[in-house]
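Put into C-alpha cells, the structure is as follows:
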C-alpha cells in the first residue's frame with residue numbers, strides 16, 4: 121500500500137493498493153512479470169475481484185485513522201477486463217461484507233481503458249458513483265483520452281502520470297504538462313494528484329503548482345501486507 125499525502129496539511133489521507141505476488145520459490149514477483157499473462161488468460165478478473173474484497177476488508181479497519189472524523193481512502197486499480205456490468209455488483213458486495221464506507225473506496229483506471237470501451241465504461245462508472253464510490257483516472261496524459269469525454273465521466277480524481285512528474289524539474293515541457301493537468305483537474309472540480317514524487321525538490325514543485333495530493337515514497341514507507 122503506497123501512501124497518498126494531502127499537500128495542504130501533510131497528512132496521510134489514504135493509500136493505493138499495489139498488487140505483488142509472493143511466490144514460494146521466486147520470492148516477490150512484480151506486476152509487470154505476471155499481470156500481462158493474467159490479462160491474456162482471463163485470470164485478471166478473479167485476481168481483481170480478490171484485490172477489491174481484500175482492500176475493502178483492510179480499508180474498513182483503517183477508517184480509525186481518518187483525520188477529523190473523515191474517511192481514509194483506499195484506491196484499487198481495475199483493468200479493462202473487469203469493467204463490465206458485474207463490477208458494481210462485486211464492489212457492492214465487497215463494501216457490504218467489509219463494512220467499509222463507500223466513499224472510502226477509490227476505483228482507478230487508466231485512460232486506455234476508457235478509450236477501448238468508452239460507452240460501457242461510462243455506464244459502469246455511473247453505477248459505481250451511485251454506490252457512493254469515488255472514481256479516478258490514473259496515468260493521465262499517456263492514453264490520448266479525448267478531452268470531450270472528461271465532463272461526461274463521474275470522476276473524483278485526476279492523476280498525472282509519474283513520468284511527467286519525474287521529468288518536471290529538468291524539462292520545461294513536462295513541467296508545462298504537469299501544470300496544465302493540475303489546472304484542468306481543478307477547472308473540472310476534481311482533486312489533482314501527482315504520482316512519482318520521489319524527492320523533496322519535486323515535492324516542493326508540486327506544492328507550488330497547486331496539486332492537492334502527492335503519491336510516492338518521499339518521507340513515508342510503503343506498507344506491505346502479506347495475505348494468504
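In the working numbering, the protein residues as written are 121 to 348. By construction, the Cβ of each residue, glycine as well, lies at the ideal position given by its N, Cα and C atoms.
Give the DSSP bridge partners of residue 141, in chain order.
-> 149
Count the other CB atoms within 10 Å of the CB of residue 272; is the residue buried (16 or more) or exposed (fewer)?
-> exposed
For residue 288, count neighbouring C-beta atoms within 10 Å of its own C-beta (all shown protein chains included) and say buried if the count is 16 or more, exposed if not.
-> Flag for residue 288 reads buried.
Per-residue DSSP class, three states only, for residue 210 | helix
List the endpoints of the continuous beta strand (DSSP E) containing residue 193.
-> Counting along the chain, residue 193 sits inside the beta strand (DSSP E) bounded by residues 193–197.
At least three beta-carbon pairs within less than 8 Å, the segment 238–245 to the segment 188–207 | yes
Touch test, the segment 277–288 against the segment 243–253, Cβ-Cβ under 8 Å, three pairs minimum = These segments do not touch.
Pull up the distance between the alpha-carbon of residue 294 and that of residue 231, whole angstroms please.
-> For residue 294 and residue 231, the distance between alpha carbons rounds to 18 Å.
Residue 136 vs residue 122 beta-carbon contact at 8 Å | yes
Close Cβ partners of residue 276 (< 8 Å) along its chain, the five nearest in sequence each way excluded = 226, 254, 255, 256, 310, 311
By Cβ distance below 6 Å, which residues in the same chain neighbour residue 221 in space, the five residues on each side in sequence not counted?
-> Cβ neighbours of residue 221 beyond the five flanking positions: 191.
Does the distance from the C-beta atom of residue 330 to that of residue 296 stay below 8 Å?
-> no
Cα-Cα separation, residue 258 to residue 145 = 32 Å
Looking only at DSSP bridge pairs, what is residue 327 linked to?
-> For residue 327, which the question treats as bridged, DSSP gives no partner whatsoever.
Residues near residue 138 in its chain [Cβ-Cβ closer than 8 Å; skip 5 each side] = 121, 122, 151, 342
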